[in-house]
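Participant: Note that this note's numbering has the sequence shown beginning at 21, numbered continuously upward.
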Amino acid sequence: MKPYLNFDGHFDWVYQESYPQRLDQFLGGLSSVISRTVWVKALGTKKIMLNGVPESKKGRLIRQGDRIVFDFYAMAREILGEELCLKIPWQKIYADDNLVVVNKPSGVLMHRIGFFDFSLVSQVEKDLGLSLHVVHRLDKATSGVCVFAKSAMAAATFQKTMTEGGIHKIYLAASHFLLKKLSGVNEEPIGQDDPRIHSKKQKVDPEQGVRARTRYRYIGSKDDLHYYMLRIFTGRQHQIRVHMQSMGAHLAFDELYSYTDYSKFPPMYNYSEENLGLHAYRLRFICPFTKALRIFTASPIRYPFLSVEEALVHPHREFALHTPPKTVFHWKEQEE
Numbered sequence: 021m022k023p024y025l026n027f028d029g030h031f032d033w034v035y036q037e038s039y040p041q042r043l044d045q046f047l048g049g050l051s052s053v054i055s056r057t058v059w060v061k062a063l064g065t066k067k068i069m070l071n072g073v074p075e076s077k078k079g080r081l082i083r084q085g086d087r088i089v090f091d092f093y094a095m096a097r098e099i100l101g102e103e104l105c106l107k108i109p110w111q112k113i114y115a116d117d118n119l120v121v122v123n124k125p126s127g128v129l130m131h132r133i134g135f136f137d138f139s140l141v142s143q144v145e146k147d148l149g150l151s152l153h154v155v156h157r158l159d160k161a162t163s164g165v166c167v168f169a170k171s172a173m174a175a176a177t178f179q180k181t182m183t184e185g186g187i188h189k190i191y192l193a194a195s196h197f198l199l200k201k202l203s204g205v206n207e208e209p210i211g212q213d214d215p216r217i218h219s220k221k222q223k224v225d226p227e228q229g230v231r232a233r234t235r236y237r238y239i240g241s242k243d244d245l246h247y248y249m250l251r252i253f254t255g256r257q258h259q260i261r262v263h264m265q266s267m268g269a270h271l272a273f274d275e276l277y278s279y280t281d282y283s284k285f286p287p288m289y290n291y292s293e294e295n296l297g298l299h300a301y302r303l304r305f306i307c308p309f310t311k312a313l314r315i316f317t318a319s320p321i322r323y324p325f326l327s328v329e330e331a332l333v334h335p336h337r338e339f340a341l342h343t344p345p346k347t348v349f350h351w352k353e354q355e356e
């Protein structure tokens, strides 16, 4: 386990190394996005506690067993003049004794990664006063329906249902490109791409990739955006993004999958996908606890999906005769 700030900005860590280390060096190694200068200023606030006593000397040696405690948000207000304690917006769709289903905003991590805890699960836990387990993950840039479990037992039961294919996952996608085929199934295997581009980037890999299956259907166009509904039968990383790119219609604002030649670009570690054209629209499953059919839907309320309802009424003229009616939002049973 590595030292990190909790969701409220509190740090409480017992130094575990057998060798002594300067306090400013220890603090500087906590995060790559906070400069050592900021940590020196933070020590000057006398808000960093070493074994219960305010410590301001940057050269103070810490040893195994020493306890370092501070409130990072309080220090940031004093030295940066910024309020860092932000609230993540979310909407509760459903809750019972085992599950909590929410509508996730885009641009938010599902769970903590790295030094800062700015995650959806922590915000929901704080607001509901519960300890939750992430059982249905969405990428940071993807919005829509996601699920938390209220206990380890509930999490294991729900994940078993997922691995057995009992969860039907329906997504909405937006692209600036129109596919040649109105509908179909993409079964191209997916594997790891060159990590020098990005550590998480995937690609179609017929030789070494693993099985992936995506059903897609064009549902309409509005202005320069074309909308698709997709169901994924497997859960490969970036599956929809990779399959849409492979068919010639990468998702809107998907910088990572927008190019066919990456040789002229530096590694892409800080790209922005705030308006990524991907939304988890619906989950459908037989609840493993009550055996009842559960269908949870979250309509997108962000760009580039603001015109999706109009697109269903006014489909692209070339496909007007072939575009399904508005009830396209419901998959037919034979396609399940």
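Glycine included, each C-beta is placed from N, C-alpha and C at the ideal position.
1) Which runs of the alpha helix (DSSP H) spanning at least 4 residues fall entirely within the stretch 47-102, listed in chain order?
2) Would you please verify whether the beta carbon of Leu140 is less than 8 Å from any beta carbon of chain B?
3) Would you identify the three-state DSSP class for Tyr114, choosing helix, strand or coil?
4) Relative to the alpha-carbon of Met173, which residue among Leu158, Gly64, Glu207 and Val154 has its alpha-carbon at the smallest distance?
5) Between the alpha carbons of Cys105 and Gly29, how many angstroms are there, rounded?
6) My output table needs one value for His299: the three-state DSSP class, helix, strand or coil.
7) Within the continuous beta strand (DSSP E) that includes Gln222, where are the two ends?
8) Once DSSP output is grouped into helix, strand and coil, what is the label at Gln143?
9) For a test of the three-state rule: what should DSSP assign to Ser266, helix, strand or coil?
10) Report the partner residues of Tyr248 according to the DSSP bridge assignment.
11) From Gln179 to Leu100, what does the alpha carbon distance come to, in whole angstroms?
12) Between Ser171 and the rest of its own chain, which residues show a CB-CB distance below 8 Å, the 5 nearest in sequence each way excluded?
13) Just to confirm, is the Cβ distance from Asp159 to Asn26 under 8 Å?
14) Taking the alpha carbon of Ser327 as the point to measure from, which residue in Ser76, Thr162 and His246 has its own alpha carbon closest?
15) Express the C-alpha separation of Gly49 and Pro344 in angstroms, rounding to a whole number.
16) Return the residue from the list Asp147, Asn71 and Ser55 that minimises the CA-CA distance to Tyr35.
17) Taking just the CA atoms, how far does Thr254 sit from Met288?
18) Could you tell me the alpha carbon to alpha carbon distance between Gly64 and Lys223, rounded to whole angstroms?
19) May I ask you to verify whether the stretch 108-123 touches the stretch 81-96, counting CB pairs closer than 8 Å and requiring at least 3?
20) Using a 10 Å radius around the Cβ and a threshold of 16 neighbouring Cβ atoms, would you call Asp116 buried or exposed?
21) Whose C-alpha, out of Val122, Ser126, Ala161 and Phe135, is nearest the C-alpha of Glu145?
22) Excluding the 5 residues preceding and the 5 following Lys362 in the sequence, name in chain order all residues of the same chain whose CB lies nearer than 6 Å to its CB.
23) Looking at the structure shown, is Arg42 part of a helix, part of a strand, or coil, going by DSSP?
24) When you compare each of His218, Ile260 and Gly164 to Ile210 by their alpha carbons, which one comes out closest?
Facilitator: In short, the structure shows the following:
1) Qualifying alpha helix (DSSP H) stretches, in chain order: 56-64 and 92-99.
2) In the structure shown, chain B cannot be found, because there is only a single protein chain.
3) Judged by DSSP in its simplified three-state form, Tyr114 adopts strand.
4) Ranking the options by Cα distance to Met173, first place goes to Val154.
5) Straight-line spacing of the CA atoms in Cys105 and Gly29 works out to 7 Å.
6) DSSP places His299 in strand when its eight states are reduced to three.
7) Gln222 to Val224 is the extent of the beta strand (DSSP E) around Gln222.
8) Per DSSP, reduced to three states, the secondary structure at Gln143 is helical.
9) Reduced to three states, the DSSP call for Ser266 is helix.
10) Answer is Ala193 and Tyr238.
11) Inter-residue distance for Gln179 and Leu100 is about 43 Å (C-alpha atoms, whole angstroms).
12) Taken in chain order, the residues that qualify are Asn118 and His153.
13) Their beta carbons are not under 8 Å apart, which means Asp159 does not touch Asn26 by this criterion.
14) Taking each of Ser76, Thr162 and His246 in turn and checking the Cα distance to Ser327, the smallest one comes out for His246.
15) Note that Pro344 scores 41 on pLDDT, short of 50, meaning its location in the model is unreliable and no value can be drawn from it.
16) Nearest option by C-alpha distance: Asn71.
17) Pairing Met288 with Thr254, the inter-Cα distance amounts to about 26 Å.
18) Cα-Cα distance, rounded: 49 Å.
19) No contact exists between the stretch 108-123 and the stretch 81-96.
20) Under the 10 Å beta carbon count, Asp116 is surrounded by fewer than 16 other beta carbons and is classified as exposed.
21) Of the residues Val122, Ser126, Ala161 and Phe135, the one whose Cα lies closest to the Cα of Glu145 is Val122.
22) This structure cannot speak to residue 362, because the chain is shown only from 21 to 356.
23) If DSSP states are grouped into helix, strand and coil, Arg42 belongs with the strands.
24) Distances from the CA of Ile210 to each of His218, Ile260 and Gly164 were compared; the closest alpha carbon is that of Ile260.
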